[in-house]
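Residue numbers (this note's numbering): 170 to 314. Yeah, the Cβ is synthetic: ideal placement off N, Cα and C, and Gly gets one too. To start, the structure under review is shown below, and the notes come after it.
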């Protein structure tokens with residue numbers, strides 16, 4: 170436990186990452202010292218509240234997986250690509266649902282992608298369903314326009 174004291178009185182106590190602010194009414198200080206103390210207490214409270222939201226913000230981040238392959242078919246709602254499966258030791262066709270807010274890279278619309286194009290996909294999983302969050306057309310390969 171770490172404690173900050175002033176004239177023998179405990180002002181702030183830090184214990185287990187929580188801030189406990191103890192207001193001591195018996196301490197007499199000048200107006201400027203009182204103002205500084207209030208500003209410091211306010212800053213500590215603001216930082217403590219902000220720090221308490223960090224776990225919530227990190228939980229909101231989505232874990233995305235990555236894959237790449239050759240497009241077999243594509244529509245506005247789904248894309249099927251042929252990709253290499255390590256477990257099966259060969260190519261398999263996998264379907265991905267396209268998120269309405271999909272991020273497109275190297276292209277401006279899904280209409281620019283056609284069968285035979287090489288793509289890279291970042292996706293999330295919802296049970297057995299794979300949802301494409303970003304699609305990147307690889308313009309370096311001859312299959313792409």
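- Query: Would you call the CB atoms of residue 263 and residue 301 closer than 8 Å?
  - Reply: no
- Message: Can you look up residue 246 in the DSSP assignment and give me helix, strand or coil?
- Response: coil
- Query: DSSP on residue 211, reduced to helix/strand/coil?
  - Reply: helix
- Message: Quick check: the Cα distance between residue 270 and residue 295, rounded to an integer number of angstroms?
- Response: Using only the alpha carbons, I get a separation of about 16 Å.
- Output the boundary residues of the beta strand (DSSP E) element that contains residue 285. Per DSSP, residue 285 belongs to no beta strand (DSSP E) and is neither H nor E.
- For residue 282, collect the residues of the same chain with a Cβ closer than 8 Å to its Cβ; drop the 5 residues on either side in sequence, then sort them by chain order. Short of 8 Å from the beta carbon of residue 282, and not among the five residues preceding or following it, lie these beta carbons of its own chain, in chain order: 240, 243, 248, 276, 288, 304, 306.
- Local Cβ density within 10 Å of residue 286, reported as buried at 16 or more and exposed below that: buried
- Please report the residue range of the beta strand (DSSP E) in which residue 300 lies. 298 to 306
- To the nearest whole angstrom, what separates the beta carbons of residue 250 and residue 259, a pair I think is in contact under 8 Å? That pair is no contact at about 14 Å.
- Below 6 Å CB to CB, which residues in the same chain sit around residue 261 once its five sequence neighbours on both sides are set aside? 254
- Boundaries (first-last residue) of the beta strand (DSSP E) holding residue 262: 259 to 274
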